[in-house]
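Worksheet for the structure shown next.
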Amino acid sequence: MTSRFGNLVRMHLQDLEEYEPIEPPEVLARRLNIPVEDIVKLDGNENPYGPEPNLYNRLSSYTNYHIYPDPHQRIMRQALSDYTLVNPSNIVVGSGCDELIDLLLRLTLEPGDEVIDCIPTFGMYAFCTRVCGGSVVRVPRTDDFQVDLNAVIESIGNRTKVVFLTSPNNPTGNLVTEEILSGILDTGVLVVVDETYYEFSGHTFASLVSAHENLIVLRSMSKWAGLASLRIGYGIMSNRVASYLMAIKPPYNVNGAAQVALVSALENRAILLNRVEALVKERQWLSLQLAKFKAVQPLPSSGNFILCKFIGKSAHQVNQELIQRGIFTRHFNNQVLQDYLRITVPTRVQSDVLLNALGDIIAN
Ligand SMILES: *Cc1c(COP(=O)(O)O)cnc(C)c1O
Numbered sequence: 006m007t008s009r010f011g012n013l014v015r016m017h018l019q020d021l022e023e024y025e026p027i028e029p030p031e032v033l034a035r036r037l038n039i040p041v042e043d044i045v046k047l048d049g050n051e052n053p054y055g056p057e058p059n060l061y062n063r064l065s066s067y068t069n070y071h072i073y074p075d076p077h078q079r080i081m082r083q084a085l086s087d088y089t090l091v092n093p094s095n096i097v098v099g100s101g102c103d104e105l106i107d108l109l110l111r112l113t114l115e116p117g118d119e120v121i122d123c124i125p126t127f128g129m130y131a132f133c134t135r136v137c138g139g140s141v142v143r144v145p146r147t148d149d150f151q152v153d154l155n156a157v158i159e160s161i162g163n164r165t166k167v168v169f170l171t172s173p174n175n176p177t178g179n180l181v182t183e184e185i186l187s188g189i190l191d192t193g194v195l196v197v198v199d200e201t202y203y204e205f206s207g208h209t210f211a212s213l214v215s216a217h218e219n220l221i222v223l224r225s226m227s228k229w230a231g232l233a234s235l236r237i238g239y240g241i242m243s244n245r246v247a248s249y250l251m252a253i254k255p256p257y258n259v260n261g262a263a264q265v266a267l268v269s270a271l272e273n274r275a276i277l278l279n280r281v282e283a284l285v286k287e288r289q290w291l292s293l294q295l296a297k298f299k300a301v302q303p304l305p306s307s308g309n310f311i312l313c314k315f316i317g318k319s320a321h322q323v324n325q326e327l328i329q330r331g332i333f334t335r336h337f338n339n340q341v342l343q344d345y346l347r348i349t350v351p352t353r354v355q356s357d358v359l360l361n362a363l364g365d366i367i368a369n
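Read the sequence shown against the numbering used here and you will find it ends at 369, with the numbers running on by one and no gaps.
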């Protein structure tokens with residue numbers, strides 16, 4: 006049975022490398038046999054404060070759940086236009102930033118076309134490239150995890166369609182420089198700058214979009230607005246690219262609840278931006294505390310997470326021991342990051358739990 010079905014599957018999907026996702030808290034709690042409230046979940050860069058509180062009333066008073074959402078996304082694009090100060094025609098909303106990554110690759114890739122991935126970085130670029138039948142060209146970052154401009158330019162060939170840049174980069178936390186972005190834009194390939202953590206960094210390249218048809222800036226409501234489960238992301242791009250994406254996307258790609266949540270979040274953004282500010286302060290504080298451990302080297306970060314290098318202690322081992330205590334951070338299954346853990350910036354209460362646990366683990 007399986008082998009016959011296997012023959013029906015497209016060649017490039019036969020042995021696809023699966024995306025390594027994080028698990029929901031209920032699953033983690035069951036595995037450890039502890040109550041779900043005791044899980045300290047610092048592995049997904051989720052927002053510990055949740056969504057802004059007005060969301061719940063807005064969702065319960067919405068009356069159009071039985072009607073398909075607007076395929077032209079008029080209300081959402083207008084709300085995002087007010088927030089970003091770019092025209093609605095330059096905005097496309099996706100079911101998460103992830104869907105926009107997928108749509109951009111579906112739009113551009115012929116089988117065998119190349120996509121440049123500046124590793125280590127977010128895993129979805131490579132995953133979506135493979136699903137679309139493209140080929141991933143991995144260009145390692147420099148020792149300080151900056152994009153290697155010369156190496157990227159040298160890797161661009163006549164089959165290169167897209168270069169992904171991430172600012173701040175997940176998991177390394179650093180920003181792309183304007184010099185690097187300009188250097189790559191000049192080659193004429195499509196450059197996607199993923200600004201999912203924009204609100205935490207306060208830094209954006211969105212103003213360059215009007216001058217560069219080959220630049221696309223992606224954003225997300227998952228992290229700063231605490232809406233990861235509702236799946237809302239958006240892109241800022243030229244009219245031309247926006248028209249193509251609007252034409253190829255599934256017509257009802259963003260659901261009615263997500264639309265209500267997006268509008269409510271943007272109307273109540275003062276609450277959310279206050280929390281962002283608190284998380285940025287917590288990031289600085291937690292970094293200082295982590296740096297007090299001789300075995301831990303936290304990297305500077307412009308996101309809501311801190312990448313930590315472990316010295317004289319196996320990061321894998323530390324991670325296992327944290328898990329035993331119900332604390333989940335992110336260890337990556339690859340060579341470059343084997344000595345690192347990525348820790349999502351939490352509330353102070355959770356920071357204290359983490360620091361106490363690390364103190365115990367490192368002392369032993
Ligand atoms: C979390 C994350 C995303 C995913 O965003 P969604 O809107 O939840 O799909 C995209 N890019 C980066 C760099 C991320 O860290």
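All C-beta atoms, glycine included, are put in the ideal place defined by N, C-alpha and C.
Residue i CB to nearest heavy atom of ligand 1 below 7 Å
i: asparagine 309; result: no
i: lysine 299; result: no
i: alanine 233; result: yes
i: methionine 129; result: yes
i: threonine 334; result: no
i: serine 306; result: no
i: cysteine 123; result: no
i: aspartate 199; result: yes
i: glycine 101; result: yes
i: lysine 166; result: no
i: lysine 228; result: yes
i: asparagine 50; result: yes
i: asparagine 175; result: yes
i: serine 172; result: no
i: glycine 238; result: yes
i: serine 206; result: no
i: serine 66; result: no
i: serine 225; result: yes
Pair within 8 Å by beta-carbon distance, residue i and residue j
i: glycine 240; j: leucine 114; result: no
i: leucine 232; j: proline 56; result: yes
i: tyrosine 88; j: leucine 293; result: no
i: arginine 111; j: cysteine 137; result: yes
i: tyrosine 67; j: valine 259; result: no
i: glycine 49; j: isoleucine 27; result: yes
i: serine 206; j: glycine 308; result: yes
i: glycine 317; j: isoleucine 44; result: no
i: aspartate 118; j: serine 140; result: yes
i: leucine 223; j: valine 214; result: no
i: proline 74; j: glycine 188; result: no
i: phenylalanine 210; j: leucine 186; result: yes
i: methionine 242; j: asparagine 95; result: yes
i: leucine 47; j: threonine 349; result: yes
i: arginine 353; j: glutamate 287; result: yes
i: threonine 182; j: phenylalanine 127; result: no
i: valine 371; j: isoleucine 121; result: The structure shown does not extend to residue 371, since the chain is modelled only from 6 through 369, so no value can be given for it.
Identity of the residues DSSP links to residue i by a beta bridge
i: glutamine 302; result: Lys314
i: glutamate 119; result: Ser140, Thr165
i: aspartate 199; result: Thr171, Leu223
i: lysine 98; result: Before going on, a small fix: residue 98 reads as valine here, not lysine. Answer is Tyr239.
i: isoleucine 348; result: Ile311
i: arginine 82; result: In the DSSP output, where bridge partners are listed per residue, arginine 82 has none listed.
i: valine 45; result: Ile332
i: isoleucine 124; result: Pro145
Cα-Cα separation between residue i and residue j, rounded to whole angstroms
i: phenylalanine 315; j: leucine 346; result: 8 Å
i: glycine 178; j: leucine 304; result: 8 Å
i: asparagine 174; j: lysine 166; result: 21 Å
i: cysteine 123; j: asparagine 69; result: 43 Å
i: glutamine 151; j: tyrosine 257; result: 38 Å
i: leucine 284; j: glutamate 31; result: 25 Å
i: proline 255; j: glutamine 322; result: 44 Å
i: histidine 17; j: valine 142; result: 16 Å
i: aspartate 199; j: leucine 180; result: 11 Å
i: serine 227; j: tyrosine 203; result: 12 Å
i: aspartate 357; j: lysine 299; result: 18 Å
i: arginine 146; j: aspartate 344; result: 16 Å
i: histidine 77; j: cysteine 313; result: 43 Å
i: aspartate 149; j: alanine 247; result: 34 Å
i: glutamine 83; j: leucine 37; result: 45 Å
i: isoleucine 237; j: serine 319; result: 36 Å
i: asparagine 62; j: arginine 335; result: 34 Å
i: valine 196; j: serine 225; result: 17 Å
i: methionine 6; j: glutamate 23; result: Its pLDDT being 46, under 50, methionine 6 is placed unreliably in this model, and the coordinates cannot settle the point.
i: leucine 64; j: leucine 90; result: 26 Å
i: aspartate 103; j: alanine 131; result: 12 Å
i: arginine 9; j: glutamate 25; result: 27 Å
Beta carbon proximity, residue i to chain D, threshold 8 Å
i: alanine 262; result: Of the chains in the structure shown, none is chain D; there is only one protein chain.
* Unbroken stretches of the alpha helix (DSSP H), 4 residues or longer, contained in the region 202-276 -> With a minimum length of 4 residues, the continuous alpha helix (DSSP H) runs that stay inside the region 202-276 are 203-206, 244-253, 261-272.
* At which residue ranges does the region 14-70 contain complete alpha helix (DSSP H) runs of 4 or more residues, listed in the order of the chain? -> 30-37, 60-66
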